[in-house]
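Visitor:
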Amino acid sequence: MKKFIHALCMLVMLTGLAACSSDDDNVTAYYPLTVNIELPEGISAADLTTASVTVTNVQTGRSYSSQEAMDTYTFQLDGGTYNVQASMRINDGGTITSYNASREISVYDATTLQLQLQEALSGGLIFKEVYYSMVKPNGKMPYMRDQFFEIYNNSDEVLYLDNCVLGLLEGTQGILPTAWMENGEIMDKYAMGYYTVAFVGTGKQYPVEPGKSVVIASQALDHIAETQKMYDSSVAGAKLSPVNLANADYEVCLIDYKPAMSIDNPDVPNMTIIHAAGTGNYFSLPFSGNAIILAKLPEGVDPIAYAKDESNFMERPDGNYAGTEYLMIPQEYVLDGINIVNSDASKRTIRLRAEVDAGSVSMTENYSGLSIRRKVESITDDGRAILKDSNNSSADFLTDQIPTPGIIPSTVD
Numbered sequence: 000m001k002k003f004i005h006a007l008c009m010l011v012m013l014t015g016l017a018a019c020s021s022d023d024d025n026v027t028a029y030y031p032l033t034v035n036i037e038l039p040e041g042i043s044a045a046d047l048t049t050a051s052v053t054v055t056n057v058q059t060g061r062s063y064s065s066q067e068a069m070d071t072y073t074f075q076l077d078g079g080t081y082n083v084q085a086s087m088r089i090n091d092g093g094t095i096t097s098y099n100a101s102r103e104i105s106v107y108d109a110t111t112l113q114l115q116l117q118e119a120l121s122g123g124l125i126f127k128e129v130y131y132s133m134v135k136p137n138g139k140m141p142y143m144r145d146q147f148f149e150i151y152n153n154s155d156e157v158l159y160l161d162n163c164v165l166g167l168l169e170g171t172q173g174i175l176p177t178a179w180m181e182n183g184e185i186m187d188k189y190a191m192g193y194y195t196v197a198f199v200g201t202g203k204q205y206p207v208e209p210g211k212s213v214v215i216a217s218q219a220l221d222h223i224a225e226t227q228k229m230y231d232s233s234v235a236g237a238k239l240s241p242v243n244l245a246n247a248d249y250e251v252c253l254i255d256y257k258p259a260m261s262i263d264n265p266d267v268p269n270m271t272i273i274h275a276a277g278t279g280n281y282f283s284l285p286f287s288g289n290a291i292i293l294a295k296l297p298e299g300v301d302p303i304a305y306a307k308d309e310s311n312f313m314e315r316p317d318g319n320y321a322g323t324e325y326l327m328i329p330q331e332y333v334l335d336g337i338n339i340v341n342s343d344a345s346k347r348t349i350r351l352r353a354e355v356d357a358g359s360v361s362m363t364e365n366y367s368g369l370s371i372r373r374k375v376e377s378i379t380d381d382g383r384a385i386l387k388d389s390n391n392s393s394a395d396f397l398t399d400q401i402p403t404p405g406i407i408p409s410t411v412d
């Protein structure tokens, strides 16, 4: 009996030790990531009005951030691949200058990252709102025709859309990593995918007044009425389109490319399609998102001629799709851009350099019928909205918004 009790005690002790060993094996290991910020010459952390450094786990979407203005930041992270975004601003007597940087890095040991901030692009013409999430009127098939892109004049002077180019970047559904890399960084020119459209004008043919916007519709229709024809209220998740775009300022008519899928609204001017790189049925983003840019070609450069010039094309640097060339837009021409990414945190791809967009924005869920809208930072004495433009969409945009094409907010967000 004593031998049995002794053996039982030994078994309990060994089981306890094994449990402790198992617990130790399951303890998450954390590694320090030190981020050293390199500001442009003549600028120090003491000069910064606002600062933000965010570290996001690419696999899980979990984020860590600091809003302190410092030269060095340290984060304790579990092993994984992280996207590091830094955004700093200086307000000098009302003149706001933004500095951004972003980098993807693997952290499986003590790691140090040098982030060199660059002055963000600034232009008065910016995206105010993008609606791309779509709906399923019958709960099954997505309705893709009701997307819109709204461009806003955020300056205090008349600006012109002449020779401005609007397009989506090359990339399959915004999920696969960008192929357009050079020396481990995103290239400073962007490959256009799908359809690229432009305002082909004389220089002052397409004015936009301060505080005003233009709405570019994928199809200029009353989509509320169109989806009513196929709406099935008995199906869970069925929704009507939230927008009537029959009075949009412009539309992208693909009747020369997709006649069976296109409807040309005679009352709405058509955008000029300068290049077609695919066979999409509509000028639209996938529900999973993609990056978009608004660019302005140099004075005297005709968009149609630009898109026919073979020197403005190149093949993918990774060697895939050999022989296929893509229309390239240099970053120096870009006025604004947005990294619109997947609602699934594990499938998010950054396609724009930090000078254009140091962050990203996404919907909470797909097929929601909601939009992304830029925040209102202030209202001038004469009632003009100043939209937030730090070239960091994570900070600049509101997500899951009721679409408001052509309506400018009158209060600060």
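Following numbering that gives the first Met the number 0, the numbering of the sequence shown begins with 0 at its first residue and continues without gaps. Glycine included, each C-beta is placed from N, C-alpha and C at the ideal position.
Which partner residues of P297 appear in the DSSP bridge assignment?
Guide: Translated into positions along the sequence shown, residue 297 becomes position 298. P297 is not bridged to any residue.
Visitor: Counting beta carbon pairs with one atom in the segment 346-363 and one in the segment 181-191, are three or more of them shorter than 8 Å?
Guide: In short, these stretches touch, since the Cβ pair count reaches three.
Visitor: Please name the residue in Y249, T59, Y107 and T177 whose C-alpha comes closest to that of L160.
Guide: Numbered from 1 along the sequence shown, position 161 holds the residue referred to as residue 160. Nearest of Y249, T59, Y107 and T177 to L160, Cα basis: Y249.
Visitor: By DSSP, does L13 sit in helix, in strand, or in coil?
Guide: Counted from its first residue, the sequence shown places residue 13 at position 14. Confidence at L13 is low in this model, with a pLDDT of 43, below 50, so its placement is unreliable and the value that follows should be read with caution. Three-state result, L13: helix.
Visitor: What runs of the beta strand (DSSP E), each 3 residues or longer, lie entirely inside the segment 208-245?
Guide: Complete beta strand (DSSP E) runs here, min 3: 212-216.
Visitor: Please determine if the segment 286-296 and the segment 213-227 are in contact, where contact requires at least 3 C-beta pairs separated by less than 8 Å.
Guide: In short, these stretches do not touch, since the Cβ pair count stays below three.
Visitor: Is N153 near the ligand GDP, going by C-beta to nearest heavy atom under 7 Å?
Guide: This structure simply doesn't include the ligand GDP, nor any ligand for that matter.
Visitor: Kindly indicate which three-state DSSP category D187 falls into: helix, strand or coil?
Guide: Numbered from 1 along the sequence shown, position 188 holds the residue referred to as residue 187. DSSP places D187 in coil when its eight states are reduced to three.
Visitor: Give the single residue among Y131, S43, G279 and A100 whose Cα lies nearest to the Cα of P258.
Guide: In the sequence shown, the residue the question calls residue 258 occupies position 259. Of the candidates Y131, S43, G279 and A100, the one whose C-alpha sits nearest the C-alpha of P258 is G279.
Visitor: Helix, strand or coil for K1 per DSSP?
Guide: Mapped onto the sequence shown, residue 1 falls at position 2. At K1 the pLDDT is 45, less than 50, meaning the model places this residue with poor confidence; the figure from the coordinates comes in the next sentence. It is helical.
Visitor: Quick one: residues in its chain with C-beta nearer than 7 Å to the C-beta of A235, no 5 flanking neighbours on either side, listed in chain order?
Guide: Counting from one through the sequence shown, the residue named residue 235 turns up at place 236. So the list reads G138, once near-sequence residues are dropped.
Visitor: Helix or strand or just coil, what does DSSP make of S345?
Guide: As a working mapping, residue 345 is identified with position 346 in the sequence shown. Helix at S345.
Visitor: I371 by DSSP, collapsed to three states: which one?
Guide: Residue numbering aside, residue 371 sits at position 372 when the sequence shown is read from its first letter. Correct three-state label for I371: strand.
Visitor: Specify whether the segment 264-272 and the segment 149-163 touch according to this definition: at least 3 beta carbon pairs, one from each stretch, less than 8 Å apart.
Guide: Contact fails: fewer than three Cβ-Cβ distances are below 8 Å.
Visitor: Quick one: grab the DSSP three-state call for V411.
Guide: Reading the sequence shown from its first residue, position 412 is the one you call residue 411. In this structure, V411 counts as coil in the three-state DSSP scheme.
Visitor: According to DSSP, is E413 helix, strand or coil?
Guide: The first residue shown for the chain is 0 and the last is 412, placing residue 413 beyond what the model contains.
Visitor: Identify every residue that forms a DSSP beta bridge with T73.
Guide: Here residue 73 refers to the residue found at position 74 when the sequence shown is read from its first residue. Paired residue(s): T33.
Visitor: How about G192 and L175: do their beta carbons lie closer than 8 Å?
Guide: The sequence position of residue 192 within the sequence shown is 193, counting from 1. The sequence position of residue 175 within the sequence shown is 176, counting from 1. No, these two residues do not count as a Cβ contact at 8 Å.
Visitor: Do you know how far the Cα of V300 is from the Cα of K203?
Guide: Walking along the sequence shown from the start, residue 203 turns up at place 204. Walking along the sequence shown from the start, residue 300 turns up at place 301. Roughly 14 Å separates the two Cα atoms.
Visitor: Can you find the residues in the same chain that come closer than 8 Å, C-beta to C-beta, to E67, ignoring five residues on each side of it along the sequence?
Guide: Walking along the sequence shown from the start, residue 67 turns up at place 68. Cβ within range, chain order: A50.
Visitor: Tell me the DSSP bridge mates of Q400?
Guide: As a position in the sequence shown, residue 400 is number 401, starting the count at 1. DSSP lists S370 as partners of Q400.
Visitor: Write down the C-beta distance between K238 and P402 rounded to the nearest angstrom, noting that I regard them as a contact closer than 8 Å.
Guide: Counting from 1 along the sequence shown, the entry for residue 238 is found at position 239. Counting from 1 along the sequence shown, the entry for residue 402 is found at position 403. 12 Å between Cβ atoms; not a contact.
Visitor: Where does A394 sit, in a helix, a strand or coil, going by DSSP?
Guide: In the sequence shown, counting from the first residue as 1, residue 394 sits at position 395. Helix.
Visitor: According to DSSP, simplified to helix, strand and coil, what is D335?
Guide: Locating residue 335 in the sequence shown gives position 336, where the first residue counts as 1. Strand, per DSSP.
Visitor: Indicate the three-state DSSP secondary structure (helix, strand or coil) for I378 in the structure shown.
Guide: Residue mapping note: residue 378 aligns to position 379 of the sequence shown, counting from 1. It is a strand residue.
Visitor: In the DSSP assignment, the beta strand (DSSP E) including I303 goes from what residue to what residue?
Guide: By 1-based counting over the sequence shown, the position of residue 303 is 304. From DSSP, I303 is part of no beta strand (DSSP E) but of the alpha helix (DSSP H) over P302 to K307.
Visitor: Can the beta-carbon of Q330 be found closer than 8 Å to that of Y189?
Guide: On the sequence shown, position 331 is the one that residue 330 refers to. On the sequence shown, position 190 is the one that residue 189 refers to. Yes, the Cβ-Cβ distance between Q330 and Y189 is below 8 Å.
Visitor: Do L158 and G123 have their C-beta atoms within less than 8 Å of each other?
Guide: As a first step, residue 158 is located in the sequence shown; it is residue number 159 there, counting from the start. As a first step, residue 123 is located in the sequence shown; it is residue number 124 there, counting from the start. For L158 and G123, yes; Cβs fall inside 8 Å.
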